[in-house]
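If you're matching positions, the sequence shown starts at -10 in the working numbering and goes up one per residue.
Have a look at the structure below before the remarks.
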Amino acid sequence: MTSEAQAYSQTLGQEESIWFKISPFVNAADPMGILKRLCDKAGGCVPVSFRSERIYFLSEIDYMRHALVDNVDNYGKYFDGLKPIFGKAMITIDGALWQKVRQPQQPYFHPNVYASYMPHFMVALRNRLDQWSKLAQTGEPVDMLEQTWTLAADMVCRALFDREVPFNPHAVFGAVKAYTDASGHKSIRMKRVAGELSEVTEAEAPAQAIGAWLTLPEAVISAEPWQNREKTLLNVMLECAKDPSMFEWDHQQVLDELKQYLWAGTETTALTLGWSLFLLSQHPEVAEKIRREGEQIYGDREPNGDDIEKLSYTRSVVLETLRLYPPAWAFIRTALGDDTIAGHKIKAGDRIVMLPYLVHHSEKYWDRPEEFRPERFEPGSIKKRVKYSYLPFGAGKRFCVGGQMAQMETVLALSQLVRRFRAEWAGDGPPKIAASVTLLPKGGLPFRLRELS
Ligand code: HEM
């Protein structure tokens, strides 16, 4: 275990991490129900004191818009407890530094380039479809999140870095999930024995996980380029690190950006696909409509970028899944200066926990919010929607840089997977939510795969 990994394991679950503090709420049987009742009772802004720290839970869109858009510069990103995952990547930093780090990467997320990513996505998808074919023959249950996470990692590595995934995604992502599951933090914290810091047995697991995680970016960089493409996100970042005029960039920045993409750019997509397949297993008529749409739009040939634009029903299914199960269910910020929200005096240093999950499930903005109804997102529906009532990718200037790419990946993957396979739910009853750093299904997503003739 490296000393860096060891050091990280010692800070894991520190009591000052909000993810640790809110774990009593989020570990409850119905975490979102508890948060909803609290927020409804308090009018959408709930102050909670944890020793010297105050946290405000927000569930009203006006208050979220205030922190995300109107007074955005007063609310800094909060990543304590997750530093080992992201380092000082773009997603964690603010102000001028954030701009300098985001700027050179932005063109690789411009809608104009997405069509050029399609062939790379397709290679990853074909690999997965072949794998599914073998799994279908065994009839054994599979953990869908392992499947979709592997697919998402393959898509990101090929499209953005021109690399085949140079590590075993199952092992690495399993380990990282253990680390980011705040509910486990308490049991894996360091404890003091006779005044000396000594590691409890369970602490080895997350330290090892972080040890493995820290090796990934270099593994990506040193892997053989797949197609020797010159213009890739990875190459532009490596050039920035060498450019003396770009003093915000160094090699460590590249490593941290890679970590960010390997987690924030893969787990979210994987969850969206996994939850979509669960919803389809409960609504076979929707899966059938997706199949028919694929047949009409691209038939037996390989889909291209234009086809993806036309798969509007499949897109509605993805967007409705993101409403019901937003992978980023909470956005956390630190107040940088004093402010007022909902009549409460916010002091510099107070934490804000915004809850897009509650907005997505609010009867104020959605008719029968608990029902799965992809029609809500039919083309043109955005005009009828209340602004900021749909926030799966955040809002304001810190909006997800990969949001459109994620939609393209998930629409393509769902269309192709559903056309060739039926994923049958193999769990006991519907999955319960584990509100970890992302919105996970408790106990995974077990499915059996059937290949359609
Ligand atoms: C369905 C999939 C995805 C969801 C639901 C999602 C969600 C989000 C959300 C909510 C934020 C903003 C968080 C906040 O304001 O605190 C965010 C930021 C970000 N996301 Fe995504 N994301 C997805 C896919 C991706 C992909 C595919 C990539 C890249 C390959 C990506 C890269 C990023 C980055 C780099 C940021 C930070 C942007 C910044 O701070 O400037 N995401 N994402």
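Note that CB positions come from ideal geometry on N, CA and C, so glycine has one too.
| Query | Result |
| --- | --- |
| Cβ-Cβ separation, D143 to V154 (assumed contact under 8 Å), whole Å | 5 Å |
| Alpha-carbon spacing of P363 relative to L438, whole angstroms | 23 Å |
| Beta carbon of Q80 nearer than 8 Å to that of Q249 | The question names Gln, but residue 80 is Ile in the sequence shown. Against a cut-off of 8 Å, the Cβ pair of Q249 and I80 comes out as a contact. |
| Nearest-angstrom beta carbon gap, E282 and T303 [assumed within contact, 8 Å] | 6 Å |
| Coil, strand or helix - R281 by DSSP | helix |
| Residue nearest to F98 in terms of C-alpha spacing, selected from G391, L406 and L47 | G391 |
| Validate contact between the stretch 331 to 346 and the stretch 37 to 50 using beta carbons, cut 8 Å, 3 pairs | yes |
| Cβ pair Y346, P316 closer than 8 Å | no |
| P108 Cβ short of 7 Å to the ligand PLP heavy atom set | Absence of the ligand PLP is noted for the structure shown, with the ligand HEM being the only ligands found. |
| For D328, the first and last residue of its enclosing beta strand (DSSP E) | D328 to I330 |
| Integer Cβ distance of D340 from T323, believed to fall under 8 Å | Here the sequence assigns Arg to residue 340, which means Asp is not the residue at that position. Rounded, the Cβ-Cβ distance is 6 Å, consistent with contact. |
| Residue range of the unbroken alpha helix (DSSP H) whose run includes V112 | P100 to T127 |
| Spatially closest choice to K421 from I7, M21, S6 and K10, by CA coordinates | M21 |
| S305, DSSP secondary structure in three states | helix |
| Three-state class that DSSP yields for C146 in the structure shown | helix |
| 8 Å Cβ cutoff met for A148 and H109 | yes |
| Per DSSP, cross-strand counterpart(s) of L428 | A424 |
| Cβ contact (3+ pairs, closer than 8 Å) linking the stretch 281 to 298 and the stretch 196 to 210 | no |
| Pairwise C-alpha distance: L134 and Y287 | 27 Å |
| Alpha helix (DSSP H) segment containing A85, residue limits | G84 to R91 |
| Closest Cα partner of D417 within the set T399, P430 and R411 | P430 |
| Separation of A259 from A331, as counted between CA atoms | 36 Å |
| Beta carbon of R411 nearer than 8 Å to that of L441 | yes |
| Complete runs of the alpha helix (DSSP H) confined to the stretch 342 to 429 [at least 4 residues] | 345 to 349 and 392 to 409 |
| Cut-off 7 Å between Cβ atoms - residues of its own chain near R409, not counting five sequence neighbours on either side | L118, E440 and L441 |
| Nearest residue (CA-CA) to G70, options L227, V58, K10 and A31 | K10 |
| Contact set for S301: own chain, Cβ-Cβ below 6 Å, skip 5 residues either direction | P368 |
| Closer than 7 Å: G84 CB and nearest the ligand HEM heavy atom | no |
| Short Cβ contact (8 Å threshold) for Y67 with I23 | no |
| Secondary structure of K220, DSSP reduced to three states | coil |
| Separation of M53 from F320, as counted between CA atoms | 9 Å |
| CA-to-CA distance, K376 to D239, given in whole angstroms | 39 Å |
| Assigned secondary structure, T323 (DSSP; H/G/I helix, E/B strand, else coil) | strand |
| beta-carbon A317 near the ligand HEM non-hydrogen atom, thresh 7 Å | yes |
| C-alpha distance - A183 paired with I199, whole-angstrom precision | Residue confidence is low: A183 scores 38 on pLDDT, short of 50, so the model does not pin down where it sits. No coordinate-derived value is stated. |
| Distance, E352 Cα to S378 Cα | 11 Å |
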